[in-house]
Amino acid sequence: MSDTIEVQSPNTRYTDKYIEADYKYDTNHRKKEKGILKVIPRTTRVQFRTSKHVPKLGVMLVGWGRKQWLHCNRGCFGQ
Numbered sequence: 001m002s003d004t005i006e007v008q009s010p011n012t013r014y015t016d017k018y019i020e021a022d023y024k025y026d027t028n029h030r031k032k033e034k035g036i037l038k039v040i041p042r043t044t045r046v047q048f049r050t051s052k053h054v055p056k057l058g059v060m061l062v063g064w065g066r067k068q069w070l071h072c073n074r075g076c077f078g079q
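So this is what it looks like as structure tokens:
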């Protein structure tokens, strides 16, 4: 898995440590005034920042010694 994905967008920036992205979330708000339904567009701007560093990840299973949990372990983890 040596392929690298890079998004080419004016809303995405790459630095040495982070990938930063700007996102515009469009919704609408509606309200009824005097029998008239009004729709008001709203935009929420969100900024995402993701670290490029991949931490070490481990899983420790504790207390899975009973028989009823053994079946779940086999079903969940394919053992």
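Heads up: the sequence shown begins at 1 in the numbering used here, then just goes up one per residue. Glycine included, each C-beta is placed from N, C-alpha and C at the ideal position. If you're wondering where the values come from, they're calculated on a predicted model, not measured in any experiment.
**Item:** Secondary structure of residue 8, DSSP reduced to three states
**Value:** Within the sequence shown, numbered from 1, the residue matching residue 8 stands at position 8. Looking at residue 8 - three-state DSSP - the assignment turns out to be coil, as it is neither helix nor strand.
**Item:** Contact under 8 angstroms by Cβ, residue 45 with residue 37
**Value:** Here residue 45 refers to the residue found at position 45 when the sequence shown is read from its first residue. Here residue 37 refers to the residue found at position 37 when the sequence shown is read from its first residue. Taking C-beta atoms as the reference points, residue 45 and residue 37 fail to come closer than 8 angstroms.
**Prompt:** So what does DSSP say about residue 56, is it helix, strand or coil?
**Reply:** The residue you call residue 56 lines up with position 56 of the sequence shown. Residue 56 falls in the coil class under three-state DSSP.
**Asked** Hey, out of 17, 43, 13, whose CA is closest to residue 27's CA?
**Response** Along the sequence shown, one-based indexing puts residue 27 at 27. Comparing Cα positions, the closest option is 43.
**Beta bridge counterpart(s) of residue 17 as assigned by DSSP** = Position 17 of the sequence shown, counted from the start, is the residue given in the question as residue 17. In the DSSP output, where bridge partners are listed per residue, residue 17 has none listed.
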